[in-house]
Amino acid sequence: MAEQKEDIIFENYGTTHKRRGIALVFIEHKDREGSRKDLAAVEQVLKGLQFEVHSFNDCDIVRVREVLANVSKADHTQNDCILIVSMSHGTNSKIRFSDNCIAVDELWAYFVGNKCPSLNGKPKLVFVQACRGETHDPGVQRSTTDAEPVLGNDIQVSLPTNGDLLVMYSSYDDYVSYRDKNGSWFIQSLCKVLNSNIENKDVLSLLTHVTGIVANLSTADIKGKQIPLINSTLCKALYFPPKQHVELPHYTEEGNNQSVGEKRF
Numbered sequence: 001m002a003e004q005k006e007d008i009i010f011e012n013y014g015t016t017h018k019r020r021g022i023a024l025v026f027i028e029h030k031d032r033e034g035s036r037k038d039l040a041a042v043e044q045v046l047k048g049l050q051f052e053v054h055s056f057n058d059c060d061i062v063r064v065r066e067v068l069a070n071v072s073k074a075d076h077t078q079n080d081c082i083l084i085v086s087m088s089h090g091t092n093s094k095i096r097f098s099d100n101c102i103a104v105d106e107l108w109a110y111f112v113g114n115k116c117p118s119l120n121g122k123p124k125l126v127f128v129q130a131c132r133g134e135t136h137d138p139g140v141q142r143s144t145t146d147a148e149p150v151l152g153n154d155i156q157v158s159l160p161t162n163g164d165l166l167v168m169y170s171s172y173d174d175y176v177s178y179r180d181k182n183g184s185w186f187i188q189s190l191c192k193v194l195n196s197n198i199e200n201k202d203v204l205s206l207l208t209h210v211t212g213i214v215a216n217l218s219t220a221d222i223k224g225k226q227i228p229l230i231n232s233t234l235c236k237a238l239y240f241p242p243k244q245h246v247e248l249p250h251y252t253e254e255g256n257n258q259s260v261g262e263k264r265f
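Numbering (full-length UniProt numbering), first residue to last: 1 to 265.
Shown next as C-alpha cells:
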C-alpha cells in the first residue's frame, strides 16, 4: 500500500490592509537613452497596482538616503508591503546617482530587521535596473526553438533580519543590462507582465515569467543576451488582488528641490 503523503499548506502574505503600500522610484536620466519611457511605464503600472507612487529624478546620494530614512520612519501598519525601483548606471555591488555611488543594498537596508517595525513580516520588493559589470553574454545555441539606517525599538516577535525581502536585478553578476530608445529590456518586460491580468498569479511566478521574456529578447542592434537575477527570502506567496476605494496620492520630484503633491519624504 502506498504511503500517504502529507498535504502542504501554503501561506500567503496578508493583502487586506487599507493600502497596497509606498512605491519609491529612483531614476537617473543622464546618458540613459529610453529612461523617460521606463519611468512612464513604471509609474503607470505601479499606480495600476494601487501603490502610492513617489518618483525621484536625478537625485544625489544625500537626497536618496534622506528619502529612504524618512520612509523607513513612516507608519506602514495599514500597508501590505513596500516596493522600490532604482534605474541607473551601476556595477556588481554599487548603483550610481547624480553625484556618486552607493552600495546597492542601501536601497533596502533601511527596512529590514527592526529598522522599520511596521514592515516586519511584510514583503519588501526591490527592482534594480543597472549594469552589474561589463561582461556581454553572447548566448548559447540550443537544439530547440523552444535578470546608516537608524535602529527602531526592539519588537517581541522573532523574525529573520533579512526575511521577507525580494531583490530582482536586471542582469546576472558582472554582466551588462541592455537598453535602447524604447527603454530597458528588463523594465519594459517587468511592466508588461505586471500590467497583465495577474490577480490570481503570485509574484515569484510573475517574475520568473519576466526572466523568461528577457532571456529570449534580441534586436538587430543588440547581439548579446541578458538574464535577470532574483534573490528572494519571501516566506509566503504574494498576490496583488484589487483593493476597493483606495485614494492614491501621486508624488513626483523633478530634480532635487521641486515637488508636486501633498506628501514629501
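Cβ atoms here follow ideal geometry from the backbone N, Cα and C, with glycine treated the same way.
Predicted model, so just to flag it, every value in this text is computed and none were measured.
The segment 30-43 and the segment 1-20 do not touch, with fewer than three beta-carbon pairs separated by less than 8 Å. For VAL85, same chain residues with a beta-carbon under 6 Å away, outside a window of 5 residues either side, are VAL25, VAL42 and PHE127 in chain order. Counting the other Cβ atoms within 10 Å of the Cβ of ALA220 gives fewer than 16, which makes it exposed. Between LEU166 and ASP202, the CB-CB gap reaches or exceeds 8 Å. Fewer than three Cβ pairs drawn from the segment 188-206 and the segment 96-110 lie within less than 8 Å of each other, which leaves the two stretches out of contact. Here the alpha carbon of GLY113 sits roughly 36 Å from the alpha carbon of LYS225.
Listed in chain order, the beta strand (DSSP E) runs fully inside the UniProt domain "Caspase family p20" (26-135) are 52-57, 79-87, 94-96, 101-103 and 124-129, counting runs of at least 3 residues. Annotation: LEU234 to GLY121 spans about 9 Å, alpha carbon to alpha carbon. Residue environment: GLU6 is assigned as exposed (fewer than 16 neighbouring CB atoms within 10 Å of its CB, all protein chains considered). Separation of LEU119 and VAL210 (C-alpha to C-alpha, rounded to the nearest whole angstrom) is 26 Å. Listed in chain order, the non-local C-beta contacts of ARG96 below 7 Å within the same chain comprise GLU28, SER88, HIS89 and GLY90, local neighbours out to five positions each way being set aside. By a beta-carbon distance limit of 8 Å, TYR175 contacts ASP137. Their separation comes to about 6 Å. The beta-bridge partner set that DSSP reports for VAL167 consists of VAL126 and ASN231.
The DSSP-derived three-state label of ALA2 is coil. In the same chain as PRO228, and ignoring 5 residues on each side of it, the C-beta atoms closer than 7 Å to its own belong to ALA147, MET168, TYR169, SER170, SER171, PHE186, VAL210, THR211 and VAL214, in chain order. The alpha carbon of ASP58 has as its nearest neighbour, out of ALA109, LEU49 and SER98, the alpha carbon of SER98.
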